[in-house]
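Some notes on the structure that comes next.
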Amino acid sequence: MLPFDVIRDEADRTLRDLRATGINTQDVALPPVPGTIALRSSGYFNTAGLQAWAQHSTYVANYDNGRGLLILHGLFIESRSLERLRDNIIALSDAVHHAFLTAIAG
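Under the numbering used here, the letters of the sequence shown match residues 160 to 265, in that order.
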């Protein structure tokens, strides 16, 4: 069995390593499938004199047959472009989410 507590505690690790501010981590909705977890973290960080927004999603499925699935999805956007790209960000994040749902559905 996967250490889901470790996955949950480390979901925002990339953002913390970037010294991001305003970090928010939340569960991503999944059907009640044993051995699955999905988390999404977001926050703001500075790089090369610019403020950027990042979203890091983690999807994990642990199957009884010893196989598994791991999806790590990262988005990094210059903050000034965030509002303009909002619909694209949502569409891309939803596409990854739906692909994971399809994979765990069998």
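Using N, Cα and C, we set each Cβ at its ideal position, and we do this for glycine too. The model shown is predicted, which means the values in this text are computed figures rather than measured ones.
Residue environment analysis places Tyr222 among the exposed positions, since fewer than 16 neighbouring C-beta atoms fall within 10 angstroms of its C-beta. Rounded to whole angstroms, the gap between the alpha carbons of Gln185 and Leu174 is 14 Å. Within the segment 212–254, the beta strand (DSSP E) runs of at least 3 residues that lie entirely inside it are, in chain order, 227–237. Taking the CA atoms as reference points, Phe204 sits about 10 Å from Ile236. Nearest neighbour of Asp253 by Cα position, chosen from Ser240, Ala207, Arg199 and Leu228, turns out to be Arg199.
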